[in-house]
Amino acid sequence: MATLELINVTKRFGSTEVVRDVNLSIRTGEFFVFVGPSGCGKSTILRMMAGLESVSSGEIRIDGTAINDKPAAERGFAMVFQSYSLYPHMTVRQNLAFGLENIGTARPEINRRIEETARLLRIDSYLDRRPKALSGGQRQRAAIGRAVVREPAMFLFDEPLSNLDPELRVAMRIEIGTIHARLGNTMIYVTHDQLEAMSMADRICVLRDGQVEQIGAPLDLYNRPANRFVAGFIGNPR
Ligand code: ADP
Ligand code: MG
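Heads up, the sequence shown is in the UniProt record's numbering, so the first residue is 1 and it goes up one at a time.
Encoded structure:
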């Protein structure tokens, strides 16, 4: 587990700056949420952290060391996306094992981790089913399981619940909170849903057009929004 910092991070696609001079520091074990309207750069920031997208300028650091040039596989992140991204031809158990097999984890260790993850996420009963035989909630649990089984230093969630119906979203919010409480890992979570952000975050970073508008605890943002945009998005408009 580690402190993650972004120092003057900027991302350009061609001549368009989609992330501008972002500075922030995420503490070990923190549940840190990025929130902001569609297109404001949330996914791009996560993808740069994960190493799936290069940084145009600035630095991403873990415990003070720049990781800009470190390959994704060596960064210690596990990412969960909005689309379930499970391999359709594999069972849940095979989906969970796949990433570990690739890095040469021994079979008994793979089995131990799958058991533990299945218990934590309550996916035991459908480990031997394929994704198409699962409900939306079961699939998303399995997708989270695939991240948990890797025992990453940090989790990156990109709108993981936005394809689920409202009732299930609330249930899964609580579930992710429980995983966080149990594992204590740093969790970096993207959403455009302010209620989700307010209920899950230790701190929230509000983004607009690729820039940080405000970072703070949910109640601080609610009670003391830095500007009208933050107030309109999550704050208490006075
Ligand atoms: P969000 O996740 O907040 O909805 P994104 O990070 O996906 O926003 O996108 C931020 C901006 O960058 C958008 O305007 C999007 O069109 C643009 N963008 C994202 N990826 C690319 C890409 N690979 N090439 C060009 N533009 C991109
Ligand atoms: Mg996105």
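In this text, a Cβ means the ideal position worked out from N, Cα and C, and glycines have one as well. All values derive from a computational prediction rather than experimental measurement.
Any non-hydrogen atom of the ligand MG within 7 Å of residue i CB
i, result
"Ser-83", "no"
"Asp-193", "no"
"Lys-11", "no"
"Glu-196", "no"
"Glu-159", "yes"
Residue environment, residue i, which counts as buried when at least 16 other CB atoms sit within 10 Å
i, result
"Pro-108", "exposed"
"Leu-195", "exposed"
"Asn-32", "Sequence inspection shows Phe at residue 32; the Asn mentioned does not correspond to that position. Result: buried."
"Pro-71", "exposed"
"Gly-184", "exposed"
"Thr-178", "exposed"
"Asn-36", "Residue identity differs from the one stated: residue 36 is Gly in this sequence, not Asn. With 16 or more Cβ atoms within 10 Å of its Cβ, Gly-36 is classed as buried."
"Ala-73", "exposed"
Proximity test, residue i beta-carbon vs the ligand ADP heavy atom, cut-off 7 Å
i, result
"Ser-54", "no"
"Ser-38", "yes"
"Gly-58", "no"
"Val-230", "no"
"Gly-41", "yes"
"Val-18", "yes"
Anticipated Cβ contact below 8 Å, residue i with residue j, distance rounded
i, j, result
"Glu-59", "Gly-210", "17 Å between Cβ atoms; not a contact."
"Leu-96", "Gly-145", "6 Å"
"Val-55", "Val-9", "6 Å"
Paired residues, beta bridge with residue i - DSSP
i, result
"Asp-158", "Val-190"
> Could you give the uninterrupted runs of the beta strand (DSSP E) lying entirely in the segment 72-148, keeping only those of 3 residues or more?
Replying inline: Here the runs fully enclosed are 77-80.
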